[in-house]
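Q: The structure follows.
Numbering (my numbering), first residue to last: 1 to 272.
If you want it as structure tokens, here you go:
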């Protein structure tokens with residue numbers, strides 16, 4: 001049963017990560033960016049992550065830590081791990097140069113706007129795309145661990161997180177594809193590097209599994225889970241909501257946010 005859960009968790013993580021390929025494919029085959037849809041979807045993804053982090057993941061992390069450390073020490077450990085997760089993902093963001101920011105929004109229309117890249121050499125464009133792919137891969141590593149850990153503990157929770165992360169990976173696929181396509185003229189190469197950046201999620205899950213599973217206990221699980229909650233809250237406020245607002249109207253992103261919370265709440269209630 002445990003090995004089946006591991007396979008399922010890895011499969012979910014693979015699905016979430018490789019959705020960068022969906023963004024890349026959209027850039028090639030769609031004529032126009034559906035900004036309203038992306039705005040609502042990204043807001044929805046943020047709502048799922050925020051709600052599940054505070055209402056489910058932190059609760060389970062705190063319970064696990066209290067079982068090993070006691071009420072007071074367990075609560076302190078959960079809070080420390082939560083902010084530790086935020087610090088970890090913020091540090092990764094800080095180490096990625098701002099001019100290579102993988103979360104700068106791109107639109108499908110850019111595939112047909114050669115003037116957008118006028119004056120930029122193919123070498124610079126290729127570097128921009130490759131650095132975006134590397135930066136997204138680095139970001140995807142802890143996201144993979146988050147999806148995997150949640151799915152291993154609670155498959156229903158893992159599905160919700162995987163879908164939320166998959167939605168937020170779609171614009172990142174566009175961000176990698178556009179400059180690489182213009183640098184190389186090859187849709188295959190653009191798709192390949194976009195697809196490759198998403199592989200960091202299952203790799204992150206696998207590395208996390210190999211590192212932590214031999215030492216797994218209530219304390220280790222609680223610390224990882226609380227850290228995962230911090231990572232997802234940071235991603236929601238730093239990436240998803242700003243991206244949702246940039247793609248569309250402010251209210252659309254908030255409608256998506258509330259909808260994501262509501263759907264997640266009902267889903268969790270149905271599995272009680």
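Don't be surprised by glycine CBs; every beta carbon is placed ideally from N, CA and C.
Once you ignore the five residues that flank residue 6 on each side, which residues in its own chain have a CB closer than 8 Å to its CB?
A: For the purposes of this step, residue 6 is taken as the residue at position 6 of the chain shown. 152 and 209.
Q: Whose C-beta lies closer than 6 Å to the C-beta of residue 244 among residues of the same chain, with five residues either side of it excluded?
A: As a working note, residue 244 is residue 244 in the chain shown. If we look at residue 244 and ignore the five residues flanking it on each side, its Cβ neighbours are 39, 42, 43 and 253.
Q: Would DSSP call residue 103 helix, strand or coil?
A: Mapped onto the chain shown, residue 103 falls at position 103. A caution first: residue 103 carries a pLDDT of 49, below 50, which makes its placement in the model unreliable, though a value can still be read off. Here residue 103 sits in coil by DSSP.
Q: Just to confirm before moving on: does the CB-CB distance between residue 278 and residue 222 stay below 8 Å?
A: Nothing about residue 278 can be read from this structure; the chain reaches only from 1 to 272.
Q: With distances taken Cα to Cα, identify the nearest neighbour of residue 12 among 270, 160, 256 and 195.
A: Counting from one through the chain shown, the residue named residue 12 turns up at place 12. Checking every option, the nearest Cα to that of residue 12 belongs to 160.
Q: If you reduce the DSSP assignment to three classes, tell me which class residue 116 lands in.
A: Counting from 1 along the chain shown, the entry for residue 116 is found at position 116. Reliability of the predicted coordinates at residue 116 is poor, the pLDDT of 47 falling under 50, and the value obtained from them is presented with this limitation in mind. Residue 116 falls in the helix class under three-state DSSP.
Q: For residue 207, tell me which candidate among 142, 15 and 225 has the shortest Cα-Cα distance.
A: Locating residue 207 in the chain shown gives position 207, counting from the first residue. That would be 142, whose Cα lies nearest to the Cα of residue 207.
Q: When the distance is taken between beta carbons, is residue 15 closer than 8 Å to residue 133?
A: Mapped onto the chain shown, residue 133 falls at position 133. Mapped onto the chain shown, residue 15 falls at position 15. It is not a contact, given that the beta carbons lie outside the stated cut-off.
Q: Tell me, to the nearest whole angstrom, how far the beta carbon of residue 164 is from that of residue 49; I am working on the premise that it is less than 8 Å.
A: Mapped onto the chain shown, residue 164 falls at position 164. Mapped onto the chain shown, residue 49 falls at position 49. Going by Cβ atoms, the distance from residue 164 to residue 49 rounds to 5 Å, so yes, they are a contact pair.
Q: So, are the CB atoms of residue 228 and residue 85 less than 8 Å apart?
A: Counting from 1 along the chain shown, the entry for residue 228 is found at position 228. Counting from 1 along the chain shown, the entry for residue 85 is found at position 85. Closer than 8 Å, so yes.
Q: Count the other C-beta atoms from every protein chain shown that fall within 10 angstroms of the C-beta of residue 73, then say buried if there are 16 or more, exposed otherwise.
A: Taking the first residue of the chain shown as position 1, residue 73 is located at position 73. So residue 73 counts as exposed.
Q: Could you spell out the range, first to last residue, of the alpha helix (DSSP H) harbouring residue 155?
A: Counting from one through the chain shown, the residue named residue 155 turns up at place 155. Note, residue 155: alpha helix (DSSP H), 155-184.
Q: Looking only at its chain, what residues have a beta carbon closer than 7 Å to the beta carbon of residue 220, apart from the 5 residues adjacent to it on each side?
A: The residue labelled residue 220 in the question sits at position 220 within the chain shown. Closer than 7 Å at Cβ, skipping near neighbours: 212.
Q: Is residue 26 near residue 136, with beta carbons less than 8 Å apart?
A: In the chain shown, residue 26 corresponds to position 26, counting from 1. In the chain shown, residue 136 corresponds to position 136, counting from 1. No. Outside cutoff.
Q: Assuming contact is defined by CB atoms lying nearer than 8 Å, are residue 129 and residue 18 in contact in what I supplied?
A: Within the chain shown, numbered from 1, the residue matching residue 129 stands at position 129. Within the chain shown, numbered from 1, the residue matching residue 18 stands at position 18. Contact: no.
Q: Just to confirm before moving on: does the CB-CB distance between residue 145 and residue 205 stay below 8 Å?
A: Numbered from 1 along the chain shown, position 145 holds the residue referred to as residue 145. Numbered from 1 along the chain shown, position 205 holds the residue referred to as residue 205. Yes, they are a contact pair.
Q: Distance, Cα to Cα, residue 232 vs residue 75?
A: Stepping through the chain shown from its first residue, residue 232 is reached at position 232. Stepping through the chain shown from its first residue, residue 75 is reached at position 75. Taking the straight line from one Cα to the other gives about 19 Å.
Q: Would you identify the three-state DSSP class for residue 208, choosing helix, strand or coil?
A: Start at 1 with the first residue of the chain shown, and residue 208 comes out as number 208. If DSSP states are grouped into helix, strand and coil, residue 208 belongs with the helices.
Q: Based on Cα-Cα distance, which residue from 9, 156 and 94 lies nearest to residue 52?
A: Taking the first residue of the chain shown as position 1, residue 52 is located at position 52. The residue with the shortest Cα to Cα distance from residue 52 is 156.
Q: Please say whether residue 90 and residue 240 have beta carbons closer to each other than 8 Å?
A: Sequence index remark: in the chain shown, residue 240 carries index 240 (1-based). Sequence index remark: in the chain shown, residue 90 carries index 90 (1-based). No.
Q: Along the chain, where does the alpha helix (DSSP H) containing residue 57 start, and where does it finish?
A: Translated into positions along the chain shown, residue 57 becomes position 57. Segment: none, residue 57 is in no alpha helix (DSSP H) and carries neither H nor E.
Q: Can you say whether residue 258 is buried or exposed, counting buried as having 16 or more other CB atoms within 10 angstroms of its CB?
A: Start at 1 with the first residue of the chain shown, and residue 258 comes out as number 258. In this structure residue 258 is exposed. Its beta-carbon is surrounded by fewer than 16 other beta-carbon atoms within 10 angstroms.
Q: Rank 54, 24 and 20 by C-alpha distance to the C-alpha of residue 265 and give the top, closest one.
A: Along the chain shown, read from residue 1 onward, the residue named residue 265 stands at position 265. Closest by alpha carbon: 54.
Q: Which value, in whole angstroms, describes the spacing of the CA atoms of residue 20 and residue 255?
A: Within the chain shown, the letter at position 20 stands for residue 20. Within the chain shown, the letter at position 255 stands for residue 255. For residue 20 and residue 255, the distance between alpha carbons rounds to 24 Å.
Q: Taking the Cβ atom as the reference point for each residue, do residue 138 and residue 180 lie within a distance shorter than 8 Å?
A: Stepping through the chain shown from its first residue, residue 138 is reached at position 138. Stepping through the chain shown from its first residue, residue 180 is reached at position 180. No, they are not a contact pair.
Q: Could you say which of 8, 195, 9 and 24 lies nearest to residue 171 if we only look at CA atoms?
A: Here the question's residue 171 lines up with position 171 in the chain shown. Checked all of 8, 195, 9 and 24; the closest Cα to residue 171 is 24.
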